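One structure below.
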Amino acid sequence: MFAPLHQAYRRSPWKKANLMNREPIAHNRPVNIAHNRPVYDELHPRVYGVAVGLVAWFALAAWILFDRQDDVELSLMFVSVLLFVAVLLPWLLSLVWQRYDDRHDRHARAVPFREWRTAEFAVWGSTINSTHATIDMLLPLASVAFGLTAIGIVFLICASLAP
């Protein structure tokens, strides 16, 4: 009784169309919503600004909350130089890239952040939502900066309560 129904389903065009429409990542939106959205391959300058701000927050939190002893200053100086180089090198490389990039024409106008975040972002051979790309980039930086701040506050509270 179930065999003919199973075979009919296996040969049905609905099943073939359904299998071909599946995306590798499940989204909570219809498949055709992303049709005709612009695709950008560069992060918006505001995203870089927030990333630099989070790195600066990390460095300032380290200096303000953990610089209580003389032997810590050298370690904090090395961490600060490392973070400075980690921000400076990508910025310099992006300047060189922009100067010699002839893959495509420059945008006639600066893309507003609201328009950029509703578009798609090119990642390797695929695209993801630009908001998701921003979260993927900034979440590790934010967690480290805010986590260090929380640890430093707890450290100061414990140090003030110690006899």
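Straight run, no breaks: the sequence shown in the numbering used here ends on number 169. Note that beta-carbon positions come from the ideal geometry of N, C-alpha and C, so glycine has one too. Since the model is a prediction, treat every value here as computed from it, not as a measurement.
6 Å Cβ shell around residue i - same chain, five flanking residues per side excluded
i      : result
Pro169 : none
Ala139 : Phe127
Burial state of residue i, where buried means 16 or more other Cβ atoms lie within 10 Å
i      : result
Trp130 : exposed
Ser166 : exposed
Arg105 : exposed
Ser3   : Limits of the chain in this structure are 7 at one end and 169 at the other, which puts residue 3 out of reach.
Leu98  : exposed
Trp103 : exposed
Ala151 : buried
Proximal residues to residue i (C-beta, below 7 Å), its chain only, five neighbours per side dropped
i      : result
Arg52  : Phe119
Ala68  : Leu82, Val85, Leu154
Leu162 : Leu71
Simplified DSSP assignment, three categories, for residue i
i      : result
Glu126 : strand
Val45  : strand
For residue i, the nearest candidate out of the options (CA to CA)
i      : options                       : result
Ala148 : Pro44, Asp47, Val102, Ala65   : Ala65
Ala156 : Trp63, Gly55, Val91           : Trp63
Glu48  : Arg74, Val160, Ser100, Leu144 : Ser100
Residue i at chain C interface by Cβ criterion, 8 Å
i     : result
Phe90 : This model lacks chain C altogether; it includes just one protein chain.
Spatial neighbours of residue i in its chain, beta-carbon cut-off 8 Å, leaving aside the 5 residues before and after
i      : result
Arg43  : Thr124, Ala125, Glu126
Leu144 : Val53, Val56, Ala57, Leu60
For residue j and residue i, believed in contact at Cβ under 8 Å, the rounded distance
i    : j     : result
Val5 : Val58 : Look at the range of the chain in this structure, 7 to 169, and you will see that residue 5 is not part of it.
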